[in-house]
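Chemist: I am attaching a structure below and will ask some questions about it afterwards.
The structure is reproduced here in structure tokens:
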């Protein structure tokens, strides 16, 4: 019986550790994760798909892989929950190490091995201030509507529009300052998609030749062409 159990455990270990080979390795530890499945996911067209997965038992250590042709954003999710438990990071060739804890999964993960991630983190730090302002506007607008304070609602609307313009300007300047990073076209596509076409054009024209040929660089160029074709 002991031999049978040992063989079964060996088969489970082989099944869990047999992974496809790739030029990107995502490894690390999720402290406190005793049992569960971690998924490596990314967007294909408009659908989030799983690229690799690993069952975690006890230690919280994990290793996932994919073949990367151009740096793109990946998601590390726990048990497929992409709403509350996820880590967003820029993937690239090489080894990326992600350490986090299951209690606050995705809140402040430690990510190393990605130059784009360092730049993206710098953006997120400042952008968090705008996110907090946005939440405050929502709260104040709700209270103004509840009390039927029309004057306050109008003031909040004007202040909100000013905040949006500041946010667009900050994101544009950040993208221009990092035109040699894949973060620049990514921000244009995700944060400035409904901004003035001139802002998008300015960012697109500033991109380095290497970034223009990247996945997000090509997407941005195509996105701008589509907008301009509709305006004709």
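Residue numbers (our numbering): 3 to 234. Where a beta carbon is used, it is the ideal one built from N, C-alpha and C, also for glycine. All values reported here derive from a predicted model rather than from experimental measurement.
For residue 208 and residue 81, what's the separation of their Cα atoms in angstroms?
Modeler: The residue labelled residue 208 in the question sits at position 206 within the chain shown. The residue labelled residue 81 in the question sits at position 79 within the chain shown. When rounded, the distance between both Cα atoms is 40 angstroms.
Chemist: What three-state label does DSSP hand residue 204 in the structure shown?
Modeler: Your numbering for residue 204 matches position 202 in the chain shown. Residue state, collapsed to three classes: helix.
Chemist: Here's a check: name, in chain order, each residue in its chain whose Cβ is nearer than 7 angstroms to the Cβ of residue 96, leaving out the five neighbours to either side.
Modeler: Position 94 of the chain shown holds residue 96. Cβ within range, chain order: 26, 115.
Chemist: What does DSSP give as the partner residues of residue 66 in its beta bridges?
Modeler: Translated into positions along the chain shown, residue 66 becomes position 64. DSSP lists 28 as partners of residue 66.
Chemist: Let me know the alpha helix (DSSP H) ranges lying completely inside the segment 99-164, each 4 residues or longer, listed in chain order.
Modeler: Correct list: 117-148.
Chemist: Mind pulling the alpha helix (DSSP H) runs of 4 or more residues that sit fully within the segment 170-201?
Modeler: 185-192
Chemist: Does DSSP put residue 219 in a helix, a strand or coil?
Modeler: What you label residue 219 is simply residue 217 of the chain shown in a count that begins at 1. Helix.
Chemist: Using the C-alpha atoms, what's the distance from residue 162 back to residue 72?
Modeler: Sequence index remark: in the chain shown, residue 72 carries index 70 (1-based). Sequence index remark: in the chain shown, residue 162 carries index 160 (1-based). For residue 72 and residue 162, the distance between alpha carbons rounds to 36 angstroms.
Chemist: I need the straight-line Cα distance from residue 193 to residue 133, nearest angstrom please.
Modeler: Residue numbering aside, residue 193 sits at position 191 when the chain shown is read from its first letter. Residue numbering aside, residue 133 sits at position 131 when the chain shown is read from its first letter. Rounded to the nearest whole angstrom, the C-alpha separation of residue 193 and residue 133 is 12 angstroms.
Chemist: Got a sec? Which residues, its chain only, sit under 8 angstroms from residue 221 by beta carbon, not counting five neighbours each side?
Modeler: By 1-based counting over the chain shown, the position of residue 221 is 219. Result list for residue 221: 187, 191, in chain order.
Chemist: Just curious, the alpha helix (DSSP H) that residue 212 is in, first and last residue?
Modeler: By 1-based counting over the chain shown, the position of residue 212 is 210. Residues 211-214.
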